Amino acid sequence: MLNRNKSPLMGLWNGVGGKLEHGETPLDSVLREVREETGILLETACYKGIVSWLVDGVETGGMYAFLAHLPEDCERNQTPQAVEEGI
7 MLNRNKSPLM GLWNGVGGKL EHGETPLDSV LREVREETGI LLETACYKGI VSWLVDGVET
67 GGMYAFLAHL PEDCERNQTP QAVEEGI
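In terms of the working numbering, the sequence shown opens at residue 7 and continues consecutively.
Put into structure tokens, the structure is as follows:
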């Protein structure tokens with residue numbers, strides 16, 4: 007999770023993520039987004055499903071959900087940690 011420092015989510019806790027790039031798999035995307043937004047280099051992540059939401063009975067969006075374990079060399083005790091995207 008990141009406490010975002012940019013609008014429109016400034017000051018709000020939000021999950022790490024983003025959009026798929028052309029030709030990118032969902033797994034490649036999550037590994038890239040975590041690296042870009044947090045600086046954490048994940049080795050892999052486990053696909054857990056698709057989260058979708060309805061507005062007035064109509065599906066209006068969705069996202070891939072993954073679970074990952076932090077690498078052993080990750081500095082777990084230094085939280086919160088400021089990065090370009092937030093804290």
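Even for Gly, the Cβ is constructed at its ideal location relative to N, Cα and C.
Fair warning: this is a prediction, and the values are worked out from it, not measured in the lab.
- How many angstroms separate the CA atom of G29 from the CA atom of E90? Distance between the alpha carbons of G29 and E90: 26 angstroms.
- Item | Identity of the residue in G45, E27, L8 nearest P77 by Cα | Checking every option, the nearest Cα to that of P77 belongs to G45.
- In this structure, does DSSP put E43 in helix, strand or coil? The three-state reading of DSSP puts E43 in helix, counting H, G and I together.
- Item | Cut-off 7 angstroms between Cβ atoms - residues of its own chain near L37, not counting five sequence neighbours on either side | L48, A51
- Query: Since A71 and V57 are thought to touch, with beta carbons under 8 angstroms apart, how far apart are those beta carbons, to the nearest angstrom?
  - Reply: Rounded, the Cβ-Cβ distance is 5 angstroms, consistent with contact.
- G92 classed as buried or exposed, judged by whether at least 16 other C-beta atoms fall within 10 angstroms: By the 10 Å Cβ count, G92 comes out buried.
- Could you give the residue range of the beta strand (DSSP E) that holds S58? 52-61
- Option nearest W19 by Cα separation, candidates L26, N9, K25: The option with the nearest alpha carbon to W19 is N9.
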